[in-house]
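Visitor:
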Amino acid sequence: MTSSHGRGLLHLAAAVDQRAVHDADSYVELVRLAERGGLDFVTLDDTFARPGPDALAVLSRVAPATSRIGLVPTVTTTHTEPFHVQAAVATLDWVSRGRAGWRIDVSATESEARLFGRRPSPTPGFARAGGSPWPADALWQEAGEVADVAAKLWDSWEDDAEIRDAATGRFIDRDKLHHVDFTGSAFSVKGPSIVPRPPQGHPVRVVDATEGPARQTAAEYADVVLVRAVSAAHATAVRDQVRESAREFGRDPGDLCVLASLVVDLGDGEHAAEPGHGGGGPRPTAQGPLYRGGPVDLAELIAGWYTDGTVDGFHLTPAEPRRDLERLVNGTVALLQHRGLFRTFYPGSTLREHLGLARPANQYAVTGGAS
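Here full-length UniProt numbering is used: the first residue of the sequence shown is 1, the next is one more, and so on.
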């Protein structure tokens with residue numbers, strides 16, 4: 001399998017989620033550990049369904065305490081203002097000097113909607129199984145529109161729009177600012193953004209495409225696609241479907257970096273491994289695919305799925321954040337580095353460079369879109 005971001009080295013990412021932890025130093029410590037291991041990026045989950053700190057704000061605090069690793073918060077597109085979302089993600093890209101990503105997600109339950117009181121109540125009798133009164137495909141269509149308008153707003157400033165000429169008092173070349181004039185199914189945005197074009201052009205967009213309704217949005221807009229799969233065959237099926245859809249949208253399927261998502265429990269070491277691919281997993285659980293075993297067998301699992309061309313790498317969620325991330329970095333990552341499958345240093349400084357993704361051209365500068 002050949003892709004534009006290359007098959008030279010696999011990609012690794014880790015979640016730094018910590019339930020009921022509000023101390024910034026704890027997140028800084030975990031992200032620095034992941035950076036020491038050379039991981040492409042960390043994710044921090046966020047949802048309106050449970051209390052906790054704002055993921056984007058936490059990673060904005062982590063940014064100046066780190067120097068290379070990508071920072072990818074979850075930011076939902078439901079109940080939020082698209083203009084504010086894109087500005088916040090662009091700001092994270094600026095404060096991290098080009099290391100920001102955005103994990104796009106939706107909010108489906110009525111209880112979450114009541115927190116805001118802004119989305120109209122669904123038609124009586126329309127409530128769906130699982131407590132969601134809105135169809136997932138409609139929510140993900142809206143998410144795609146938010147991803148679309150975000151890219152337009154990031155491009156609404158050309159790279160050299162800022163003049164900063166004290167002698168003439170000119171700060172901006174207004175000919176290089178553009179209105180996006182976007183109208184979606186649930187919102188409209190005129191633009192331009194209030195934040196200059198991010199260092200990466202477009203911060204990296206990440207979508208979990210495990211569930212069917214998210215796949216079209218991933219195929220059209222994602223740079224990184226996550227797949228929660230208990231087998232290589234399952235991961236391959238989702239990967240192929242998303243890449244074929246990307247081709248239909250006029251994208252190069254090789255531009256999508258596909259990562260398998262696993263929860264990893266490294267607490268009991270190698271003796272916990274069960275017969276099967278990679279020793280102790282993955283196995284299906286209510287929390288998603290779970291690997292339980294030791295760092296050596298986990299390295300075998302990762303290497304096997306990567307060298308077979310099943311995925312471009314893995315996104316790993318430690319079952320116990322500090323313990324398992326430390327064993328991941330000091331054990332699994334070290335083994336993969338020894339085998340020449342993973343980097344020993346960061347050759348670039350931005351998340352796009354880590355992933356082998358080109359910096360997008362500005363759509364208005366290229367096409368001469370109306371301002």
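The beta carbon of each residue, even a glycine, is placed where N, CA and C say it ideally should be.
At a cut of 8 Å, does the region 107-116 reach the region 47-54 through at least three beta carbon pairs?
Guide: yes
Visitor: Helix, strand or coil, according to DSSP, for LEU33 in the structure here?
Guide: helix
Visitor: Do the CB positions of GLN241 and ARG283 come within less than 8 Å of each other?
Guide: no
Visitor: So, at 6 Å on beta carbons, what are the nonlocal neighbours of VAL72 in its own chain, with the 5 sequence-adjacent residues on each side left out?
Guide: PHE41, THR43, GLY101, ARG103 and VAL206
Visitor: Going by DSSP in three states, HIS234 sits in which element: helix, strand or coil?
Guide: helix
Visitor: Just checking my contact of ALA365 with LEU336 at CB under 8 Å: how many whole Å lie between their CB atoms?
Guide: At roughly 40 Å, the Cβ-Cβ gap does not stay under 8 Å, so ALA365 and LEU336 are not in contact.
Visitor: Please name the residue, chosen from GLU162, GLY201, SER156 and ARG174, that lies closest to ASP181 on a Cα-to-Cα basis.
Guide: Taking each of GLU162, GLY201, SER156 and ARG174 in turn and checking the Cα distance to ASP181, the smallest one comes out for SER156.
Visitor: State yes or no: is the C-beta of THR66 within less than 8 Å of the C-beta of GLU35?
Guide: yes
Visitor: Are there 16 or more other CB atoms within 10 angstroms of the CB of GLY294, so buried, or fewer, so exposed?
Guide: Counting other Cβ atoms within 10 Å of its Cβ, GLY294 reaches 16 or more and is therefore classed as buried.
Visitor: Give the straight-line distance between the Cα atoms of GLU81 and GLU300, rounded to the nearest whole angstrom.
Guide: 43 Å
Visitor: Please state the DSSP three-state secondary structure of ILE104.
Guide: strand
Visitor: In whole angstroms, what separates the C-alpha of residue 375 from that of ARG174?
Guide: What is shown of the chain runs 1 to 371, which leaves residue 375 out entirely.
Visitor: Among PRO253, PHE249 and ASP23, which one has its Cα closest to the Cα of ARG239?
Guide: PRO253
Visitor: Roughly how far, in whole angstroms, is the beta-carbon of ARG197 from the beta-carbon of TRP140, given that I think they are within contact range, below 8 Å?
Guide: Actually they do not touch by this definition, with Cβ atoms about 27 Å apart.
Visitor: For GLU211, name the three-state secondary structure that DSSP assigns.
Guide: coil
Visitor: Three-state secondary structure (DSSP) at TYR306?
Guide: If DSSP states are grouped into helix, strand and coil, TYR306 belongs with the helices.
Visitor: Using only CA atoms, which one of GLU248, ARG247, ALA222 and LEU290 lies nearest to CYS257?
Guide: The candidate whose alpha carbon is nearest that of CYS257 is ALA222.
Visitor: From the DSSP output, in three-state form, read off GLY331 for me.
Guide: helix
Visitor: Thinking HIS354 and GLY70 are a contact (beta carbons under 8 Å), I'd like their distance in whole angstroms, please.
Guide: 6 Å
Visitor: When you compare only the Cα positions, how much space is there between ARG251 and ALA218?
Guide: Our two residues, ARG251 and ALA218, have alpha carbons roughly 12 Å apart in a direct line.
Visitor: Any idea what DSSP makes of GLY254, helix, strand or coil?
Guide: helix
Visitor: Taking Cβ positions, are LEU56 and ALA87 nearer each other than 8 Å?
Guide: no
Visitor: Who are the near neighbours of GLY8 in its chain, counting only those whose CB is closer than 7 Å to its CB and skipping five residues on each side?
Guide: For GLY8, where only same-chain residues beyond five positions count, there are no Cβ hits under 7 Å.
Visitor: Can you tell which of ALA63, THR76 and VAL85 has its C-alpha closest to the C-alpha of TRP94?
Guide: ALA63
Visitor: Report the residue from GLY37, ASP17, GLU29 and VAL28 whose alpha carbon sits nearest the alpha carbon of GLY52.
Guide: ASP17
Visitor: I think GLY313 touches HIS11, with their Cβ atoms under 8 Å apart; what is that distance to the nearest whole Å?
Guide: 3 Å
Visitor: If you draw a straight line from the alpha carbon of ARG359 to that of ARG352, how long is it in whole angstroms?
Guide: 7 Å
Visitor: How big is the Cα-Cα spacing for ASP208 and LYS176?
Guide: 35 Å
Visitor: What do you get for PRO347, buried or exposed, if any count of 16 or more other CB atoms within 10 angstroms of its CB means buried?
Guide: exposed
Visitor: Have a look at PHE116 and TRP305 and give me their C-alpha separation to the nearest angstrom.
Guide: 42 Å
Visitor: Would you mind reading off the limits of the beta strand (DSSP E) that contains residue 421?
Guide: Since the first residue of the chain shown is 1 and the last is 371, residue 421 is not available in this structure.
Visitor: Compute the distance between the beta-carbons of VAL195 and ALA24, then report whether it is under 8 Å.
Guide: no
Visitor: Taking the continuous alpha helix (DSSP H) assigned at ARG114, which residues delimit it?
Guide: 110-116
Visitor: Using the rule of at least 16 other Cβ atoms within 10 Å of the residue's Cβ for burial, across every protein chain shown, is GLY340 buried or exposed?
Guide: exposed
Visitor: So THR344 and GLY38 are supposed to be a Cβ contact under 8 Å. How far apart are they, rounded?
Guide: 7 Å
Visitor: Using 10 angstroms around the beta-carbon of PHE126, count the other beta-carbons present and answer buried if the total reaches 16, otherwise exposed.
Guide: Since pLDDT at PHE126 reaches only 40, below the 50 mark, its modelled position is unreliable, and no value is offered.
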